[in-house]
Structure formats: structure tokens, C-alpha cells
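Protein chains in written order, with our numbering: chain A, 1 to 249; chain B, 1001 to 1249. Just so it is clear, CB atoms sit at the ideal spot from N, CA and C, and this is done for glycine as well. A quick write-up on the structure given underneath.
Number of protein chains: 2
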Amino acid sequence: MKTINVIGSGNVAHHLIKNINALPDFKLQQVVVRSKEKAADSVPENLMITDISQLKPADLTIISVTDDAIKLISDAIPYQNSLVVHTSGTTSMAILNSKNQKGVFYPLQTFSKNRMIDFKNVPLCLETESENDLKILKVLAQQMSDKVYEISSEQRKSLHVSAVFVSNFVNHLYVIGNEICAENNVPFEVLHSLIQETAAKITLLPPRDAQTGPAIRHDEKTITAHQDFLTNETYKNIYKLITESIKNV
Amino acid sequence: MKTINVIGSGNVAHHLIKNINALPDFKLQQVVVRSKEKAADSVPENLMITDISQLKPADLTIISVTDDAIKLISDAIPYQNSLVVHTSGTTSMAILNSKNQKGVFYPLQTFSKNRMIDFKNVPLCLETESENDLKILKVLAQQMSDKVYEISSEQRKSLHVSAVFVSNFVNHLYVIGNEICAENNVPFEVLHSLIQETAAKITLLPPRDAQTGPAIRHDEKTITAHQDFLTNETYKNIYKLITESIKNV
């Protein structure tokens, strides 16, 4: 059985810990947290430590902290010659301290603490320096998820930019739609089916082929009416810019 | 049993016809199409006509044509004093010819001909001049869908603008994400789970509370890195504008 240390207690760490605990071939050895009180919901009491220098060597160490802290944390690990990975979408593998073998274990999903996630559907993007370390990460990843990918640091960078467009920015468009509905006394739930169907379509059609609406039809009458309707200048500018971009696809 | 005439053979008409045919209390009487050959897949041969003047009176007439043609088509209907509705999200009810009672039967969904839709989940937005006509439309709508709403022309206008943001514009962000992946040899399917989860979240959380990503965290380092990464000027501008908008929420 391989041992795993986790450093961190944010949303990603929380979901990883819960899942590692359920795997037969891996043993959660220690978890480094900033505050035992705050982490009490996620981490078994007897595994928690707050002082990283108390960490005992493990087969795999997962650093799941804010991007800015990854380097310092990897420097502070009190052992060497084992596999140490981070879980960040934006941070290069190279930033990790060279006293241990480097790797990345990036779960590409939007995590909220109170929202249950079926980890089997979470794509895990792996990167290592050696083939042997990749094997170790793959065994772990394949026990946790049906979707395991080898992704280089360069690819991961593009994937993260992409993810901002298709998730963070998409959610902001939901915010705008919600606001327009609220201002006009229309329940936002009227739009729920449309939102689900728009997302479901892309698993069957390339998004380019799924495009509908006034912009792709070059329906200037509707476009003008919509722009006149919008009173928020920022939303009007977003409307104009995306409409132009759709027309030029 | 109530009789229904349908005018049109586009995506919405296609889905309506298929569904009306399956209802026990309604009978599809005639369908006006532009070309019998093109409509052959959607419409039973014996019900098709191409000349609107051959249309016989029905309890309900559904005009499902492009927005610009609705007025002319409603003028050309060769009978009066029955209920005539259109299916448009952008067109006012008032545009219909006054020789018949006016109404709107707007299915708020993104339809593609080759994509099966479970009509039970399609929100139907109804509007009529009289309570009595509303009853007729409601009976039909409730047999087709679990989601029936009374929506005024004013509300419908705001709903349609909202729908452009949460569906058409969202799909364009999928197009951009897809392109970035393709340029960097990353399979777009890595992002499918994230896209589905982002859409699923809004049924449980207000979108404002679901916002994640570098913009809401004011993570300027990542924002700058992403903007430097983008080479397409339009996409870079979309990135900047939506990031600013998220920061100001």
C-alpha cells in the first residue's frame, strides 16, 4: 500500500482527501493544515498536523495550496527523493523544489465545498519528470477517475485559459442573464433548461456547429433591439463584442 | 378533440409537429410548408399543403416562421375568429392580424433538427388576449411540457435578451475554448465535465455565488499571464471586458 501526504485544506484538498480515504491501495498518512479547527470537517483528527517539519516521508506528497505558496511549501518539505506533486492549473511543474521528484496532479473541475462532486467524472491531468513516477500517479488517478490525461505544463497553461472562458466567463454570463430576468420579474428558472441543453450539446456537436441566435444569423434588427434594451453599459459592451466575434467566426 | 394548423417547417415547427402528433386530445389538421420535399422528414405527407389559402379553419393556428414573415403570414390566414399564435421570442403579440384572437406560444429552447429534445423539459411561455384563450393554450402546453409559464410581451423581450447571454454567447465561449485547445493539441473533451458542472451548478446556487476563477479572486498575476497568452485580439478583448465585469460584480 502506498502512503500519501496532503498539504492544504482548501476545496481541492478537501475533495482529494475524501477520495483518497476511500481507495483500497492508498493510505492517507498525514495532512498539513493551517488551522485544525477550520479543517475539522474534511480531515480525520488523528492525521492532522500544523507544522510541516513534522511531516514523515511518504510515497507521494500532494501540495494543494494557493499558487503563490507552492514553491515555499515544496522547499519546506523535510524529506527528499520521493514524488511531490502540486494540483494547480496555472503553475509550472518546474517551480517545485528539486530535492524531490516533481509532478502535477491537476483535477480540472470547479469545486465548491458544499457541492457534491462525482470524482469519477473529474478529468485528472498528470505530468511527471519520469515514466516511473507517471505510473504511480496513473494508478492513483485511475482509481479515482475515469478520465485521466497526460498533459504537459505548456498544454496545461492553454487548458487553464480555455477553462476560464468555458467556466468562469460562462458563469458570469449566467449572472448577467439572472440580473436581466430579476429586473423584469421573470423567474430565472425559465432559462435553466436552455442552459443545460446548451452545455449538453457540445458533447455531441462541435460548438461551432451548435451556434444559434441573432448574431450568427446576422439579424441586425434583433441585435439593435437587444442593444437598445440593455441599460448597463458594461453588459451592452459585452453584447457588442461577442456579437461581432460570432459574426466573424 | 381540438384541431391545430401549423404554418412553417423550420426547427421549432418540426419539434412542435412531432409532439402534437403524440397528444391524444389534439389533432394536427394541416401543415403549411414552403417545399413538400424539404419537409418530408417532419410532416405526414397527407397533411402538407403549400398554398396558405387552402388552409381550413382550426381551433388553434400556430405560426412558426422567421420573425419577419409573421405579420404577412397572419394577414394571409383565410379564416377569422379563431386563436392564432406565433412562436417567436422577439416578436410582440400585437403584430398578429386582428381578424383572429392573438396569442404567443414560445418554446424557450435551442433547437437543432438532428438533436432529440425531451419536450417535457422545454419551458413554454404563453401569452393571450383573453383568459379563455389562455385556458386553451395551457391545456395544450401542459400536455407537452412540465414547464409552463405566463409571460407578457414585455417580459418575453427581456427573457430573449437573457437567453442570448446564457445560450448563444455561452456557446461562443465554448467555440473560443475549443479553438485554444485545438491550437495547443489538447483534446476539448478534457473540458466537457467542467462545462456540464458549471451549467448544473446554477440549478442549486445563484450564479453570483457560484463564481470562481482568477477575476473574482482579483488574481492579477494569472490574469496578466492569460492575456499575454492570448494572441487573437478579439478574444483578448473579450477576456479583458468580462474580467473587469466580474471584478465589479
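Would you mind working out which of the options sits nearest residue i, comparing C-alpha positions?
i	options	result
threonine 90 of chain A	B:Ile1223, B:Asn1232 and B:Thr1234	B:Ile1223
threonine 203 of chain A	B:Ala1215, B:Phe1188 and B:Val1122	B:Phe1188
leucine 1191 of chain B	A:Glu233, A:Glu197, A:Glu220 and A:Lys147	A:Lys147
isoleucine 1216 of chain B	B:Ile1195, B:Lys1002, B:Ser1098 and B:Ser1245	B:Ser1245
aspartate 1068 of chain B	B:Ile1095, B:Leu1060 and B:Ser1009	B:Ile1095
histidine 226 of chain A	B:His1226, B:Ser1162 and B:Ile1242	B:Ser1162
serine 1145 of chain B	B:Tyr1106, B:Lys1221 and B:Ala1199	B:Tyr1106
isoleucine 1004 of chain B	B:Asn1011, B:Leu1028 and B:Val1122	B:Leu1028
aspartate 51 of chain A	A:Ile20, A:His15, A:Val12 and A:Val6	A:Val6
valine 122 of chain A	A:Thr243, A:His15 and A:Ile242	A:His15
valine 1164 of chain B	A:Cys181, A:Val164, A:His160 and A:Arg156	A:Cys181
valine 1012 of chain B	B:Arg1156, B:Phe1111 and B:Lys1135	B:Phe1111
aspartate 1059 of chain B	B:Glu1045, B:Gln1101, B:Leu1072 and B:Asp1041	B:Gln1101
valine 166 of chain A	B:Ile1195, B:Thr1231, B:Ile1073 and B:Arg1115	B:Ile1195
glutamine 155 of chain A	B:Thr1243, B:Glu1183, B:Leu1205 and B:Asp1041	B:Glu1183
leucine 1072 of chain B	B:Lys1002, B:Ser1098 and B:Thr1243	B:Ser1098
Is the beta carbon of residue i less than 8 Å from the beta carbon of residue j?
i	j	result
asparagine 1168 of chain B	glycine 213 of chain A	yes
leucine 23 of chain A	glutamine 109 of chain A	no
proline 1207 of chain B	tyrosine 174 of chain A	yes
isoleucine 1063 of chain B	valine 1085 of chain B	yes
glutamine 54 of chain A	asparagine 1171 of chain B	no
asparagine 1017 of chain B	valine 1043 of chain B	According to the sequence displayed, residue 1017 of chain B carries isoleucine and not asparagine. Yes, Cβ-Cβ distance for isoleucine 1017 of chain B and valine 1043 of chain B is below 8 Å.
serine 133 of chain A	glycine 177 of chain A	A small correction: the amino acid at residue 133 of chain A is aspartate; serine does not occupy that position in the sequence shown. Against a cut-off of 8 Å, the Cβ pair of glycine 177 of chain A and aspartate 133 of chain A comes out as no contact.
serine 1009 of chain B	alanine 1039 of chain B	yes
isoleucine 259 of chain A	glutamate 131 of chain A	Summary: the structure shown does not reach residue 259 of chain A, with chain A confined to residues 1 through 249, and so no result is reported for it.
threonine 1061 of chain B	serine 1035 of chain B	no
threonine 186 of chain A	serine 1158 of chain B	Looking at the sequence shown, residue 186 of chain A is not threonine but valine. Contact flag set, yes.
lysine 1247 of chain B	histidine 1218 of chain B	yes
leucine 1047 of chain B	valine 1031 of chain B	yes
Interface residues of chain A around residue i at Cβ under 9 Å?
i	result
glutamate 1150 of chain B	Those within 9 Å of glutamate 1150 of chain B in chain A number zero; the least Cβ separation is about 11 Å.
glutamate 1233 of chain B	By Cβ distance, chain A contributes nothing, its closest Cβ being about 10 Å from glutamate 1233 of chain B, past 9 Å.
Could you name the residues of chain B that residue i contacts, counting a contact when the two beta carbons are closer than 7 Å?
i	result
phenylalanine 169 of chain A	Leu1173 and Ile1242
lysine 157 of chain A	Phe1229
Strictly below 8 Å CB to CB, what residues from chain A border residue i?
i	result
serine 1193 of chain B	Leu108, Gln109, Asn121, Val122, Pro123 and Lys147
serine 1153 of chain B	The premise fails here: serine 1153 of chain B is roughly 11 Å from chain A at the closest Cβ pair, so nothing lies under 8 Å.
glutamine 1211 of chain B	Asn168, Asn171, His172 and Val175
valine 1190 of chain B	Leu108, Pro123, Cys125, Lys147, Tyr149, Ile151 and Leu159
Applying a beta-carbon distance threshold of less than 9 Å, which residues of chain B neighbour residue i?
i	result
threonine 61 of chain A	Under the 9 Å cutoff, chain B gives no residues; its nearest Cβ is about 24 Å from threonine 61 of chain A.
threonine 198 of chain A	Thr1110, Val1166, Ser1167, Asn1168, Val1170, Asn1171, Tyr1174 and Ala1199
asparagine 237 of chain A	Leu1241 and Ser1245
Which residues of chain B have a Cβ atom closer than 8 Å to the Cβ of residue i, listed in chain order?
i	result
arginine 115 of chain A	Lys1201, Leu1204 and Leu1205
arginine 208 of chain A	Val1175 and Asn1178
proline 78 of chain A	Ordered by position in chain B, no residue passes the 8 Å Cβ test against proline 78 of chain A, which lies about 28 Å from the chain.
asparagine 185 of chain A	Gln1155
valine 33 of chain A	What valine 33 of chain A touches in chain B: nothing, since even the nearest Cβ is about 21 Å away.
Based on the DSSP output, what are the partners of residue i in its beta bridges?
i	result
isoleucine 7 of chain A	A:Val32 and A:Ile63
proline 1107 of chain B	B:Leu1124
histidine 1086 of chain B	B:Ile1063 and B:Val1104
glutamate 197 of chain A	Answer by DSSP bridge pairing: none, since glutamate 197 of chain A is not bridged.
isoleucine 49 of chain A	A:Val32
valine 1148 of chain B	B:Leu1124
phenylalanine 169 of chain A	Partner(s): none; phenylalanine 169 of chain A has no beta bridge.
lysine 2 of chain A	A:Phe26
Can you list the residues of chain A that residue i reaches, using a CB-CB cut of under 7 Å?
i	result
histidine 1226 of chain B	Val161 and Val164
isoleucine 1007 of chain B	Under the 7 Å cutoff, chain A gives no residues; its nearest Cβ is about 20 Å from isoleucine 1007 of chain B.
alanine 1215 of chain B	Asn168
Next on the checklist: For the segment 70–97 of chain A, list every residue whose C-beta sits within 8 Å of some C-beta in chain B, in sequence order.
Outcome noted: Thr90
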